[in-house]
Amino acid sequence: MKSCYRHLSSQATDTRPWASIWNLSVPPKVRMFGWQLAASYLPTRDALLTRHVDWQLAASYLPTRDALLTRHVDCNIICHMCREESESAHHLFVACREALVARRKLGLLITHVAGDTVGEWLFNCIAVLSHDQMSKLLMLCWGLWTARNDVVWNAQSWDLELMLRRTMVFWENWGAAQCVDGGQQTGGTLGRWERPRRGRLKLNTDASVDKQHGRVGFGWVLRDDDGRFRAAKNGRMMGLFRAREAEAMCMREALSWLKDTGMGNVEAETYSQLLCNAIHSESFFSSFGFLVGDIKELASSINDVEFRFIKRSANQVAHTLARAAVSMPDCGWWFDVPPFFLVTCLMI
Ligand SMILES: [Zn+2]
Numbered sequence: 000m001k002s003c004y005r006h007l008s009s010q011a012t013d014t015r016p017w018a019s020i021w022n023l024s025v026p027p028k029v030r031m032f033g034w035q036l037a038a039s040y041l042p043t044r045d046a047l048l049t050r051h052v053d054w055q056l057a058a059s060y061l062p063t064r065d066a067l068l069t070r071h072v073d074c075n076i077i078c079h080m081c082r083e084e085s086e087s088a089h090h091l092f093v094a095c096r097e098a099l100v101a102r103r104k105l106g107l108l109i110t111h112v113a114g115d116t117v118g119e120w121l122f123n124c125i126a127v128l129s130h131d132q133m134s135k136l137l138m139l140c141w142g143l144w145t146a147r148n149d150v151v152w153n154a155q156s157w158d159l160e161l162m163l164r165r166t167m168v169f170w171e172n173w174g175a176a177q178c179v180d181g182g183q184q185t186g187g188t189l190g191r192w193e194r195p196r197r198g199r200l201k202l203n204t205d206a207s208v209d210k211q212h213g214r215v216g217f218g219w220v221l222r223d224d225d226g227r228f229r230a231a232k233n234g235r236m237m238g239l240f241r242a243r244e245a246e247a248m249c250m251r252e253a254l255s256w257l258k259d260t261g262m263g264n265v266e267a268e269t270y271s272q273l274l275c276n277a278i279h280s281e282s283f284f285s286s287f288g289f290l291v292g293d294i295k296e297l298a299s300s301i302n303d304v305e306f307r308f309i310k311r312s313a314n315q316v317a318h319t320l321a322r323a324a325v326s327m328p329d330c331g332w333w334f335d336v337p338p339f340f341l342v343t344c345l346m347i
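The letter at position 193 of the sequence shown is residue 192 when you use numbering that gives the first Met the number 0, and the numbering goes up by one with no holes.
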């Protein structure tokens, strides 16, 4: 690890966007793997043989077939996925047709992105992909590497679908755990709505995208620690937005409204895991990133706001409000007495 940090400090004069790798929304060990990948520190056969990477240094990172070669153990160095080309970092992560299929299945359409080394390719990808896409790409590379090691070291057979499933489930579980840890209270299963802690308020937000009419409905509801209805508001906005942007805009509007009321001590909930992850992450640059930046800034001007991720089933009231905003003629706001259409779901 020492050499890793030494290398990191030498990156101070490096103009490549190393921070973009460190800030990706992936588990720490995947981030570390991303650094190794970008720095071409994965001791694949090409790395050892053509770059004269010191064996000891390589061994301190990841054990590979090259390790066997160095120990004069005869082993197959053909790519375990396509079984056609010899293994190199560039082949494993960039050129192999199996890696290509995996990227296509995840909607990562980057066939136009090239690079002589895997590190160069990775930095070129950062330039064209969004934060989420890049996080997904790094997760995929990590999944490919893990599966490759399972084949080499644990005699497992290569299964692309299984690799994708395992990798994405691991990523989702990590994301969900981040959100739960982000709040100070885990709130049981989070499958149904729960009252906020004593003396606090709970703000549930939701957005509903109406693709057919090109508009988005917003809704939020505020309840106290006895579960009593305090206020609600809904509204709509013309324009087509992706779900995560719509959820972020809704949270921004809700916080802006909350700020105007002067109330604080709030637990703000969304069922968008992506949004919750983003709020708890470092900032990044994209239209979504700017929305998240607004949310953080608003939250800092309100006394004590916590963000939590909840399941859709626990967010039913806000969901009903958002749906009503796109399907009913009038939007509005309500204090103390809820609108008629909310009464039934408030009792659940
Ligand atoms: Zn291959």
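We treat Cβ as the ideally placed atom computed from N, Cα and C, and that holds for glycine.
Backbone CA spacing between L105 and M327 [nearest angstrom]: Here residue 105 refers to the residue found at position 106 of the sequence shown. Here residue 327 refers to the residue found at position 328 of the sequence shown. Roughly 36 Å separates the two Cα atoms.
What are the complete alpha helix (DSSP H) segments, minimum 4 residues, inside the segment 74-145? For the segment 74-145, the continuous alpha helix (DSSP H) assignments of 4+ residues that do not extend past its boundaries occur at 96-104, 117-127, in sequence order.
Would you identify the three-state DSSP class for S280, choosing helix, strand or coil? Here residue 280 is taken as the residue at index 281 of the sequence shown, counted from 1. In the three-state reduction of the DSSP assignment, S280 falls in the coil class, being assigned neither a helical nor a strand state.
With a cut-off of 8 Å on the beta carbons, I'd call D223 and L200 a contact; round off their distance for me. On the sequence shown, position 224 is the one that residue 223 refers to. On the sequence shown, position 201 is the one that residue 200 refers to. Between L200 and D223 the Cβ distance is about 6 Å, and since that is below 8 Å, they are a contact.
Confirm, please, whether the CB-CB distance from A245 to A277 is below 8 Å. On the sequence shown, position 278 is the one that residue 277 refers to. On the sequence shown, position 246 is the one that residue 245 refers to. Their beta carbons are not under 8 Å apart, which means A277 does not touch A245 by this criterion.
Would you mind listing the beta strand (DSSP E) stretches within the segment 185-259 that are 3+ residues and don't spill past its ends, in chain order? Runs found: 200-209, 214-222, 228-237.
Less than 8 Å separating the beta-carbons of A147 and H79? Taking the sequence shown and counting its residues from 1, the one referred to as residue 147 is at position 148. Taking the sequence shown and counting its residues from 1, the one referred to as residue 79 is at position 80. One detail in the question is off: residue 147 reads as Arg in this sequence, not Ala. Yes, Cβ-Cβ distance for R147 and H79 is below 8 Å.
Classify V304 as helix, strand or coil using the three-state DSSP reduction. Position 305 of the sequence shown, counted from the first residue, corresponds to residue 304. Reduced to three states, the DSSP call for V304 is strand.
Taking a contact to mean a Cβ-Cβ separation below 8 Å, would you say V257 touches K210 in this structure? As a first step, residue 257 must be located in the sequence shown, where it is residue number 258. As a first step, residue 210 must be located in the sequence shown, where it is residue number 211. At residue 257 the sequence reads Leu, which differs from the Val that was named. Not a contact, by the Cβ cut-off of 8 Å.
Given A231, which residues of its chain have a CB within under 8 Å of its CB, disregarding the five upstream and five downstream residues? Looking up residue 231 in the sequence shown gives position 232. So the list reads G218, W219, V220, L221, V316, L320, W332, W333, P337, P338, L341, once near-sequence residues are dropped.
Kindly give me the distance between the Cβ atoms of L159 and V100, rounded to whole angstroms, as I take these residues to be in contact under 8 Å. Within the sequence shown, numbered from 1, the residue matching residue 159 stands at position 160. Within the sequence shown, numbered from 1, the residue matching residue 100 stands at position 101. About 6 Å separates the two Cβ atoms, so the contact holds.
Chain-order list of residues whose beta-carbon lies under 6 Å from that of G33 (same chain, five-residue window excluded): As a first step, residue 33 must be located in the sequence shown, where it is residue number 34. So the qualifying residues of the chain are I20, L137.
What span of residues does the alpha helix (DSSP H) with W34 cover, start to end? On the sequence shown, residue 34 is found 35 positions in, with the first residue counted as 1. Segment 27-37, the alpha helix (DSSP H) holding W34.
Would you report the Cα separation of A313 and R322, rounded to the nearest angstrom? As a position in the sequence shown, residue 313 is number 314, starting the count at 1. As a position in the sequence shown, residue 322 is number 323, starting the count at 1. The alpha-carbon atoms of A313 and R322 are separated by roughly 16 Å.
Are R214 and M250 closer than 8 Å when you measure CB to CB? Along the sequence shown, one-based indexing puts residue 214 at 215. Along the sequence shown, one-based indexing puts residue 250 at 251. Contact flag unset, no.
Could you compute how far the alpha carbon of T269 sits from the alpha carbon of M133? By 1-based counting over the sequence shown, the position of residue 269 is 270. By 1-based counting over the sequence shown, the position of residue 133 is 134. Computed Cα separation, rounded: 23 Å.
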